[in-house]
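Note that the numbering used here has the sequence shown beginning at 180, numbered continuously upward.
A quick write-up on the structure given underneath.
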Amino acid sequence: MHCIREVEEDIFWIGSEDRRLELFENLFPIPQGVAYNSYLVMDEKTVLIDTVDYSVGRQFLENVKYVLKERKLDYLIINHMEPDHCSLIEELIYKYPEMKIICNTPTVKMLKQFYSFDVESKIQIVKEGEAFSSGKHEFQFVMAPMVHWPEVMVTYEKTEKILFSADAFGSFGALNGKLFNDDIDIEKDWLPEARRYYTNIVGKYGVQVQNLLKKASEIEIKTICPLHGVIWKSNLSYLLEKYDKWSKYEPETRGVLIVYSSVYGNTENVVNALAHYLGENNLNKIEIYDSSNTDVSYLVAKSFEYSNIVIAATTYNLGVFPKISNYLEDIKRLNLQNRTISIIENSTWVPGIVTKEVKNILSEMKNMQILENTYAIKSSSKEFEYENIKNIGNEIIKSCK
């Protein structure tokens with residue numbers, strides 16, 4: 180049975196959704212599933228824009244067949260060659276042997292790496308700014324390398340002013356019948372998973388995203404059609420402002436993220452005391468996560484959101500607790516910057532190891548301000564040490580203003 184939606188007259192969403200997959204890219208938990216978006220334009224020439232993951236291929240192929248009716252498929256535009264968007268290319272060639280592939284030069288190399296069909300006989304190579312007409316619809320191609328693969332481009336449909344944006348502006352989460360941004364509560368149902376998607380997958384490439392945003396600002400866009408998540412037909416400024424802030428590594432929220440490890444509860448006790456001190460002094464934008472039971476992708480997303488981060492870690496095997504170490508390496512690889520950091524350590528054997536290692540990692544990151552006050556717990560905290568909590572708390576409060 181088909182599952183399609185009309186985006187504009189003669190332009191159809193023909194994607195699919197997967198709620199069975201547990202890990203996106205076999206790495207990121209997706210408890211709410213994921214949508215794979217693909218689009219079909221019915222014109223004098225029929226044009227398919229990207230495909231989907233093989234896991235939902237049967238639904239996708241039924242959708243293509245239903246929209247085409249008895250017509251042939253003339254063209255496939257490839258914006259992105261990652262397998263969750265290109266897995267059905269060979270299937271399409273078998274079913275529609277006259278289909279031509281519109282792509283850029285780096286995509287040709289990847290086609291040959293992924294597939295064994297005669298690529299050269301199928302391709303029509305396009306460059307920056309070049310256009311293609313299917314009849315009443317005209318498509319212009321904009322290169323977007325490293326957002327987030329080197330071959331990525333986006334396609335601008337001039338007639339309806341639609342930007343087919345590849346992996347940019349996407350989100351985790353199945354659609355559940357709500358295809359457009361006006362159908363959902365953006366702050367509640369879109370923002371957390373869009374932030375987690377962006378920060379973990381695209382976050383490293385802020386400079387490249389800024390380049391794409393600059394190009395997007397030079398054209399009139401009425402609709403944004405990403406390869407994951409809802410289609411944006413209104414309030415585009417909200418979406419673009421989020422991407423602008425994320426790609427500049429600017430915090431969204433003046434507040435505190437506390438990421439901790441606690442083997443026997445003593446470090447957790449200090450974290451709770453600090454949070455209550457902050458709350459008592461009217462700093463209420465606080466979130467606390469135990470690194471041992473929170474997937475690091477959520478910690479990364481929250482790190483991009485908040486201005487201040489408290490790292491509270493135990494010593495483990497004469498180093499930083501592994502989950503905290505993994506978190507720090509992730510935010511470093513993803514180029515997080517412009518944050519204010521406080522450090523709390525807990526050591527029974529050799530004090531100072533955590534603070535030293537955390538500072539070493541942060542020193543390799545851009546514009547990470549480490550606040551002066553630290554708290555070195557020796558096994559467990561004592562009541563007379565509460566002054567340390569107050570000192571750290573007051574410094575955080577001051578820096579959040």
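C-beta: ideal position from N, C-alpha, C; glycine also.
Since we're looking at a predicted model, the values are computed, not measured.
Start-to-end residues for the alpha helix (DSSP H) that takes in residue i
{"i": "Cys579", "result": "565-579"}
{"i": "Phe293", "result": "284-293"}
{"i": "Gln548", "result": "Gln548 -> not in any alpha helix (DSSP H); beta strand (DSSP E) instead, spanning 547-549."}
{"i": "Gly458", "result": "445-459"}
{"i": "Val298", "result": "Counting along the chain, Val298 falls outside any alpha helix (DSSP H), and DSSP gives it neither H nor E."}
{"i": "Tyr554", "result": "No alpha helix (DSSP H) holds Tyr554; the beta strand (DSSP E) holding it covers 554-556."}
{"i": "Ile190", "result": "That residue, Ile190, is in no alpha helix (DSSP H); its beta strand (DSSP E) goes 190-192."}
{"i": "Lys511", "result": "501-512"}
{"i": "Ser396", "result": "385-396"}
In DSSP terms, what residue i is bridged to
{"i": "Trp411", "result": "Ile403"}
{"i": "Ala373", "result": "DSSP lists no partner for Ala373."}
{"i": "Asp469", "result": "Tyr439"}
{"i": "Arg518", "result": "Met547"}
{"i": "Gly352", "result": "Val213"}
{"i": "Ala491", "result": "Tyr439, Ile523"}
{"i": "Lys561", "result": "For Lys561, which the question treats as bridged, DSSP gives no partner whatsoever."}
{"i": "Lys279", "result": "Tyr254"}
{"i": "Gly498", "result": "Tyr495"}
The beta strand (DSSP E) enclosing residue i, as first and last residue numbers
{"i": "Arg268", "result": "Per the sequence presented here, residue 268 reads as Ile, with Arg not at that position. Per DSSP, Ile268 belongs to no beta strand (DSSP E); it is in the alpha helix (DSSP H), 268-274."}
{"i": "Gly434", "result": "432-439"}
{"i": "Phe483", "result": "No beta strand (DSSP E) contains Phe483, which is instead part of the alpha helix (DSSP H) from 475-484."}
{"i": "Tyr335", "result": "332-336"}
{"i": "Leu342", "result": "341-343"}
{"i": "Val186", "result": "184-187"}
{"i": "Val321", "result": "317-322"}
{"i": "Ala310", "result": "310-312"}
{"i": "Ile540", "result": "First-last for Ile540: 532-541, but that is the alpha helix (DSSP H), not the beta strand (DSSP E)."}
{"i": "Lys302", "result": "Looking at the sequence itself, residue 302 is Ile, so the reference to Lys does not match. Unbroken beta strand (DSSP E) run through Ile302: 302-304."}
Whole-angstrom C-beta distance between residue j and residue i, which should lie under 8 Å
{"i": "Leu453", "j": "Ile568", "result": "5 Å"}
{"i": "Phe343", "j": "Tyr376", "result": "Their Cβ separation, rounded to whole angstroms, is 18 Å, which puts Phe343 and Tyr376 out of contact at 8 Å."}
{"i": "Asn258", "j": "Val331", "result": "7 Å"}
{"i": "Asn505", "j": "Lys383", "result": "That pair is no contact at about 16 Å."}
{"i": "Ser413", "j": "Asn463", "result": "With a Cβ gap of about 31 Å, Ser413 and Asn463 do not count as contacting."}
{"i": "Tyr245", "j": "Asp232", "result": "Not a contact, Cβ separation roughly 19 Å."}
{"i": "Ser440", "j": "Ser470", "result": "5 Å"}
{"i": "Leu436", "j": "Glu466", "result": "5 Å"}
{"i": "Ile522", "j": "Val537", "result": "5 Å"}
{"i": "Lys401", "j": "Glu317", "result": "Lys401 to Glu317, Cβ: 15 Å. No contact."}
{"i": "Ala323", "j": "Leu391", "result": "5 Å"}
{"i": "Leu200", "j": "Ile209", "result": "6 Å"}
{"i": "Gly458", "j": "Cys579", "result": "The Cβ separation is near 13 Å, so there is no contact."}
{"i": "Glu524", "j": "Ile556", "result": "7 Å"}
{"i": "Asp509", "j": "Val475", "result": "5 Å"}
Residue i burial status per 10 Å Cβ neighbour count (16 or more: buried)
{"i": "Pro329", "result": "exposed"}
{"i": "Asn539", "result": "exposed"}
{"i": "Ala491", "result": "buried"}
{"i": "Val450", "result": "buried"}
{"i": "Ala310", "result": "exposed"}
{"i": "Trp528", "result": "exposed"}
{"i": "Tyr273", "result": "exposed"}
{"i": "His264", "result": "buried"}
{"i": "Arg250", "result": "exposed"}
{"i": "Asp229", "result": "buried"}
{"i": "Lys481", "result": "buried"}
{"i": "Leu497", "result": "exposed"}
{"i": "Phe239", "result": "buried"}
{"i": "His407", "result": "buried"}
{"i": "Pro262", "result": "exposed"}
{"i": "Thr378", "result": "buried"}
{"i": "Lys502", "result": "buried"}
{"i": "Lys301", "result": "buried"}
{"i": "Tyr554", "result": "buried"}
Neighbour flag for residue i against chain C, beta carbons, 8 Å
{"i": "Leu247", "result": "Going by chain labels, chain C is absent from the structure shown, which holds only one protein chain."}
**Request:** Pick out the complete beta strand (DSSP E) segments inside the region 196-265, 3 residues or longer, and give them in chain order.
**Result:** If only complete runs of 3 or more residues are kept, the region 196-265 shows the beta strand (DSSP E) at 213-215, 218-220, 226-228, 254-256, in order along the chain.
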